[in-house]
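Residue numbers (this note's numbering): 5 to 307.
Even for Gly, the Cβ is constructed at its ideal location relative to N, Cα and C.
These numbers were taken from a predicted model, which means no experiment stands behind them.
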Ligand SMILES: [Zn+2]
């Protein structure tokens, strides 16, 4: 009987990288992003069943009705340009949304059509959803080849190629570095669950709830620590919030304090993800932080 040979997980063996080089005078970057989901995840998750919970629907509709305007006012107060990731169906439902965001100087970008999780779809369906989303954005804004954020921060190993073939400017969904990198030829502006309001405040009185909403004072302390740690190590601090979750008074007050804390530093580059992506591809970083999404031939080995 032969000894089983276990393959490696993939072919990239590097365990050491230099520090990321930010623009002159800056030691880290911060992006403020809002995933403008409204009701779309509710319909996607429950697409096999009758959408019957008016309680959750109304909670989510609060986002486009009131939450977005309040976040926009907060951003204006701090003089910050943000990126809004919008599912195609949300843009189609609220035709004034994308033009309003653009008129205020913010970036808009794709977030699936129906907030579909890419790792649950075949490639043909992934392509169809992306094409439909891009068509809505082009019809409403005239803009093409914008950035993308995968719903639920999830891809499969082939979906980055779908984005690249469609000419998507960058992706912002993964966590393989804590600063920009390139994966399968696609610029990646990484995210972090640590600063995602849904983990702390999402509550719909349903089976997906983990606990009651968190104390915003404790969350503020945690997010400031995440920002400070990212600044210490020269990374990208990605703030991710949602229209229907952070557009409420308690969280807006917390975000106001967070943004004031960050504004005290003059060595922090507050930019949009598209600005960071443009910087990345034009900088020496692009050739250094380049990886693939490949997985090895890691089939089970029988003895
Ligand atoms: Zn989302």
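Query raised in the report: Is residue 46 near ligand 1, in the sense that its beta carbon is under 8 Å from a heavy atom of that ligand?
Result: no
Query raised in the report: From this set, 201, 97 and 236, which residue's C-alpha is nearest residue 259's C-alpha?
Result: 201
Query - CA-to-CA distance, residue 76 to residue 120, given in whole angstroms - result: 26 Å
Requested in this report: Assign residue 10 to one of two classes, buried (16 or more other C-beta atoms within 10 Å of its C-beta) or exposed (fewer than that).
Outcome: exposed
Requested in this report: Starting from the Cα of residue 35, find the closest Cα among 12, 47 and 83 and give me that residue.
Outcome: 83
Report task. Return the first residue and the last residue of the beta strand (DSSP E) that residue 185 is part of. Result -> 185 to 187
Query raised in the report: What are the boundary residues of the beta strand (DSSP E) that residue 245 is part of?
Result: 240 to 246
**Report entry** Buried/exposed call for residue 199, threshold 16 Cβ in 10 Å
**Finding:** buried
Query raised in the report: Who are the near neighbours of residue 135 in its chain, counting only those whose CB is closer than 8 Å to its CB and skipping five residues on each side?
Result: 170
Query raised in the report: What does residue 37 pair with, by DSSP beta-bridge criteria?
Result: 87 and 244
**Report entry** Boundaries of the alpha helix (DSSP H) in which residue 286 is found, first to last residue
**Finding:** 277 to 286
Query raised in the report: Would you say the region 173 to 191 touches the region 209 to 229, given that touching needs at least three Cβ pairs under 8 Å?
Result: no
Report task. Reducing DSSP to helix, strand and coil, say where residue 26 ends up. Result -> coil
Query raised in the report: Is any heavy atom of ligand 1 found at a distance shorter than 8 Å from the C-beta of residue 287?
Result: no
Query raised in the report: Measuring CB to CB, does residue 158 end up less than 9 Å from residue 182?
Result: no
Requested in this report: Measure the beta-carbon distance from residue 151 to residue 137 and round it to whole angstroms, keeping in mind my assumption that it falls under 8 Å.
Outcome: So it is not a contact: roughly 12 Å between Cβ atoms.
Query raised in the report: By Cβ distance below 7 Å, which residues in the same chain neighbour residue 14 in space, the five residues on each side in sequence not counted?
Result: 298, 299 and 300
Requested in this report: Locate the beta strand (DSSP E) running through residue 190, then write down its first and last residues.
Outcome: 190 to 192
Requested in this report: Buried or exposed for residue 110, please, with buried defined as at least 16 other CB atoms from any protein chain shown within 10 angstroms of its CB.
Outcome: buried
Query raised in the report: Buried or exposed: where does residue 263 fall if 16 or more other Cβ atoms within 10 Å of its Cβ makes it buried?
Result: buried
Query - Top-ranked residue by Cα proximity to residue 128, from 71, 185 and 167 - result: 167
Query raised in the report: Looking at the structure shown, is residue 16 part of a helix, part of a strand, or coil, going by DSSP?
Result: coil
Query raised in the report: So is residue 190 buried or exposed if we call it buried at 16+ other beta carbons inside 10 Å?
Result: buried
Query raised in the report: Is residue 248 closer than 9 Å to residue 41 when the C-beta atoms are compared?
Result: yes
Query raised in the report: Between residue 227 and residue 30, which are expected to be in contact by the criterion C-beta below 8 Å, what is the C-beta distance as a whole number of angstroms?
Result: So it is not a contact: roughly 20 Å between Cβ atoms.
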